[in-house]
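Read through the structure below, which is laid out as structure tokens, and then see the notes.
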Amino acid sequence: MDISRLAAVGLVLFSVRSASAADTIKAAWFSRDISCKVGSLLAGYGAKDVSVAKFDDLQLHGLALDDGTTKTLLMSFDLLGMDSDLIGRMRSACARELGVKDDNVLLTCTHTHGGPHARRYSGDSKYGGNNDMYAKPTDIDSEYVAFLEKTTVAAVRELARNGCWRECRVGFFSSQCDENRNRRYTTSENLASFNAHRRALHKLTTGIADKELGTVVLLDPEEYTPLYVVGNYAAHPLAFHAPGRGGLTITADYPGFYRRYVASNTGAQAMFVSGACGDLVPKDDELGVNAARRVGENLAMASIAGIIDVQRNATRFVLDKPRLGAKIVKMRSRLRGPYRRMYGKEEAEMELQLMAIGDIAFVGVPGELVNELGLEIKWHSPFKRTFIAYCATDYFGYMSTANQVAAGGYEPQSQRYASRDTLKLVTTVRDGLFDLRERLFPEDGFGDDPYPDNLALPLVNLPGGIKSSKWQRGAEK
Numbered sequence: 006m007d008i009s010r011l012a013a014v015g016l017v018l019f020s021v022r023s024a025s026a027a028d029t030i031k032a033a034w035f036s037r038d039i040s041c042k043v044g045s046l047l048a049g050y051g052a053k054d055v056s057v058a059k060f061d062d063l064q065l066h067g068l069a070l071d072d073g074t075t076k077t078l079l080m081s082f083d084l085l086g087m088d089s090d091l092i093g094r095m096r097s098a099c100a101r102e103l104g105v106k107d108d109n110v111l112l113t114c115t116h117t118h119g120g121p122h123a124r125r126y127s128g129d130s131k132y133g134g135n136n137d138m139y140a141k142p143t144d145i146d147s148e149y150v151a152f153l154e155k156t157t158v159a160a161v162r163e164l165a166r167n168g169c170w171r172e173c174r175v176g177f178f179s180s181q182c183d184e185n186r187n188r189r190y191t192t193s194e195n196l197a198s199f200n201a202h203r204r205a206l207h208k209l210t211t212g213i214a215d216k217e218l219g220t221v222v223l224l225d226p227e228e229y230t231p232l233y234v235v236g237n238y239a240a241h242p243l244a245f246h247a248p249g250r251g252g253l254t255i256t257a258d259y260p261g262f263y264r265r266y267v268a269s270n271t272g273a274q275a276m277f278v279s280g281a282c283g284d285l286v287p288k289d290d291e292l293g294v295n296a297a298r299r300v301g302e303n304l305a306m307a308s309i310a311g312i313i314d315v316q317r318n319a320t321r322f323v324l325d326k327p328r329l330g331a332k333i334v335k336m337r338s339r340l341r342g343p344y345r346r347m348y349g350k351e352e353a354e355m356e357l358q359l360m361a362i363g364d365i366a367f368v369g370v371p372g373e374l375v376n377e378l379g380l381e382i383k384w385h386s387p388f389k390r391t392f393i394a395y396c397a398t399d400y401f402g403y404m405s406t407a408n409q410v411a412a413g414g415y416e417p418q419s420q421r422y423a424s425r426d427t428l429k430l431v432t433t434v435r436d437g438l439f440d441l442r443e444r445l446f447p448e449d450g451f452g453d454d455p456y457p458d459n460l461a462l463p464l465v466n467l468p469g470g471i472k473s474s475k476w477q478r479g480a481e482k
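Now the structure itself:
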């Protein structure tokens, strides 16, 4: 290596080591195989799809954090979704094992369609096929759910008693990745076409697509090597689900490829958290294993690129105050007509769960939130970065905007709550996020909105810093 490259490496290492005196956080993590058996019914496309093969393991990934006063646990399951009663039982049991409140344990599902029925579901053609509003308690894989619950609680118990806790720094990065598309095409008269059934119209779709890839990385406090990575992106895990055998295969889909690529190339363990992908799919959806590999590995490479930026710009992307907090907020909503008849009541209550790692927030939603609502939550959040955690507190069907309900199409047909409460959902989350952040950072603003002065923020590292820039020298004269 020549002298100039040695000097450059030394500069990077010096900047990294000089930043290591800032706050750290303790972390421990685990993973478990939660695969179903070949021959199990698969969720997602119908109640009677029998698996004939297995491509890779379905996994549960858990990440526990401890800032010295508060502990949190984030768990991601390779499942399509879970009902609130199952989530509630596991959340409470895991919270007891860790000695924390239920609020501090967040469960979320990657939403793979290559996994078993862990939620109630009915495909009774009497009611029009794939329609979960008439689900019965028997429309669930009870044997698998018992195994899942036992495995999850045992994993958390093992972590609580014998977990290997490590001191870490917390870094984050946000990038734009063009790996998804909106699957709704809306005509001029506001009628929605479901493009998954009309592939020739894919090129016409111009709907909004949230392309943010969020990366949270735990770093060794001395060397800044990555220890654990959480990726967050919004696209239905439907790349693997090819016609025929591909649609009857047990698989984690592209999130599995994401995790494996990150682990094999960085040495860090990885978790994938699906974002608000209610109306988003991968660009190459339903085209098989190569499509799943391409999406997962492209996202993984983007996360690795983000980690490089985190390492080399620690003052910007490594948190100095990785305080932990969590909160469950609830809202009541009027049910739509068919569901009022189904439940025998006018209203239902939904849980929305908030978890903060310093200035990074995760929002757990109770179903398949469309990306437009996910973006609304992000836009109105007071945290630096906010990421959606899909199917986290319940499986409450699709959750669409009011105008999407007016336009019709696939997603709104199973919406359970009244469309007029769409903004209520957003504002409930917004208010909860503000309350949570004010509790974690009471020194910021003292009740007023903090507006940082970023007029002099350099976009690149200038020799000597901002004072060496032409703009700054001119301003000083």
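Straight run, no breaks: the sequence shown in the numbering used here ends on number 482. Using N, Cα and C, we set each Cβ at its ideal position, and we do this for glycine too.
Counted as a single uninterrupted DSSP element, the beta strand (DSSP E) harbouring M80 occupies residues K76 to F82. With fewer than 16 other Cβ atoms from the protein chains shown falling within 10 Å of its own Cβ, H202 counts as exposed. Taking the C-beta atoms as reference points, T230 is found no nearer than 7 Å to F60. N237 and G280 have their alpha carbons spaced roughly 6 Å apart. Sequence-distant Cβ neighbours of L224 in its own chain, meaning closer than 8 Å and more than five residues away, are C173, R174, V175, G176, T230, P231, L232, V315, Q316 and V323. Secondary-structure assignment with DSSP links M276 through a beta bridge to V235. Under the three-pair Cβ rule at 8 Å, the region 373-392 does not count as touching the region 60-78. In the same chain as V43, and ignoring 5 residues on each side of it, the C-beta atoms closer than 8 Å to its own belong to S56, V57, A58, K59 and I255, in chain order. E217 is classed as buried because its beta carbon has at least 16 other beta carbons within 10 Å across all chains shown. The residues S36 and D83, in chain order, have a CB closer than 6 Å to that of Q64 in the same chain once the five nearest residues on each side in sequence are set aside. Closest by C-alpha distance to P371, out of E377, V334 and L441, is V334.
Beta-bridge partners of C114 (DSSP): F82. In this structure, DSSP gives S56 a state outside helix and strand, which the three-state scheme calls coil. Pairing R171 with A33, the inter-Cα distance amounts to about 6 Å. Secondary structure at S97: helix, using DSSP grouped into helix, strand and coil.
In the three-state reduction of the DSSP assignment, K31 falls in the strand class, which pools E and B.
Runs of the alpha helix (DSSP H) lying entirely within the region 336-366 and spanning at least 4 residues, in chain order: 342-348.
The beta carbon of L380 sits closer than 6 Å to the beta carbons of D215 from its chain, once the five residues preceding and following it are set aside; these are given in chain order. Exclusion of the five residues before and after F199 leaves G414 and Y415 as the residues of its chain whose Cβ lies within less than 6 Å of its Cβ. Here the region 299-309 makes no contact with the region 94-105; the two share fewer than three CB pairs at distances below 8 Å. Here F401 has M355, P371, G372 and R421 as same chain residues with Cβ atoms under 7 Å from its own Cβ, once five neighbours each way along the sequence are excluded. The way I'd put it, the region 288-296 does touch the region 239-250; three or more beta-carbon pairs between them come closer than 8 Å.
For I92 against T427, the beta-carbon gap comes to about 23 Å, at or over 8 Å, which does not count as contact.
Secondary-structure assignment with DSSP links L374 through a beta bridge to M404. Looking at the backbone, the Cα of M87 and that of N459 are separated by about 43 Å.
The DSSP assignment places complete beta strand (DSSP E) segments of no fewer than 3 residues inside the region 210-268 at 217-224 and 231-238, in order along the chain. At the C-beta level, H66 and S89 stay beyond 7 Å of one another. Rounded to the nearest angstrom, the gap between the Cα atoms of V110 and V161 is 11 Å. Selection Y344, K31 and F178 evaluated against P226 yields K31 as nearest (Cα-Cα). A direct Cα-to-Cα measurement between M404 and E377 gives close to 10 Å.
Ranked by how close their Cα comes to the Cα of P417, the residues L374, S338, L445 and P248 have L374 in first place. Straight through space, the alpha carbons of L46 and G119 are spaced by roughly 10 Å. Within the DSSP secondary-structure output, L329 pairs in a beta bridge with I362. E172 is bridged by DSSP to K31.
The continuous alpha helix (DSSP H) containing N303 extends over residues V294 to R317. Less than 7 Å divides the Cβ of H116 from the Cβ of Y395.
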